[in-house]
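Under the numbering used here, the letters of the sequence shown match residues 2 to 141, in that order. For each residue, glycine too, the CB sits at the ideal point set by N, CA and C. Report on the following structure.
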Amino acid sequence: PDLDPLPSINQPEKIPSCDPTADDMLYHISITAISLVIMLILAILARRTKAGDKQKGLPGLLSPVNFLDQTQHKGLAVAVFGVLLCKLWGLLVSPNPLPFTTDAKNKQNWVILGVFYYPALYYPLLACGTLHNKVGYVLG
2 PDLDPLPSIN QPEKIPSCDP TADDMLYHIS ITAISLVIML ILAILARRTK
52 AGDKQKGLPG LLSPVNFLDQ TQHKGLAVAV FGVLLCKLWG LLVSPNPLPF
102 TTDAKNKQNW VILGVFYYPA LYYPLLACGT LHNKVGYVLG
């Protein structure tokens with residue numbers, strides 16, 4: 002009697018394919034949340050450093066680029082504007098303007114949303130450079 006019979010048909014082992022990329026929806030939700038948190042932190046830091054009579058202690062968002070200020074890093078502003086313009090140009094050219102939607106019927110509405118979405122997404126990068134604070138540079 003054969004106690005351990007061999008299988009008659011060799012079935013190949015199925016290994017699921019590995020996709021190491023993150024889901025676009027999850028990626029953009031997390032990046033948007035991080036950008037909003039950084040904007041709030043920068044607003045609080047700006048209030049603490051410039052809490053004079055003009056602002057009366059209220060938090061305020063920074064002007065991201067002052068081209069007349071000679072203490073700012075112009076390379077950072079040029080890089081962020083370059084990335085932003087590429088993203089905005091991609092809104093017009095691509096069939097799906099935003100990466101987290103595939104609705105081609107309402108492309109015009111998604112383009113309008115993207116015109117506001119991408120600048121808000123990249124705003125903290127510029128604002129971190131204008132704060133002239135170590136925390137701002139680390140957050141950037």
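Contact belief for residue i with residue j at Cβ below 8 Å, rounded distance in angstroms
{"i": "D25", "j": "F101", "result": "5 Å"}
{"i": "L92", "j": "G115", "result": "4 Å"}
{"i": "I30", "j": "L140", "result": "Not quite, the Cβ-Cβ distance comes to about 19 Å (not below 8 Å), so this is no contact."}
{"i": "L43", "j": "A128", "result": "5 Å"}
{"i": "N97", "j": "T103", "result": "6 Å"}
Closest residue to residue i among the options (Cα-Cα distance)
{"i": "V79", "options": "W111, L126, Y119", "result": "L126"}
{"i": "T33", "options": "C129, W90, Y123", "result": "Y123"}
{"i": "F117", "options": "E14, N107, L99", "result": "L99"}
{"i": "L85", "options": "I35, I45, S36, P120", "result": "P120"}
{"i": "K135", "options": "L46, G83, V81", "result": "L46"}
DSSP state of residue i mapped onto helix, strand, coil
{"i": "I39", "result": "helix"}
{"i": "C87", "result": "helix"}
{"i": "T33", "result": "helix"}
{"i": "I16", "result": "coil"}
{"i": "A44", "result": "helix"}
{"i": "D25", "result": "helix"}
{"i": "A52", "result": "Since pLDDT at A52 reaches only 48, below the 50 mark, its modelled position is unreliable, and no value is offered."}
Task: Uninterrupted alpha helix (DSSP H) stretches inside the region 93-139 (no shorter than 4 residues) - done: 108-131
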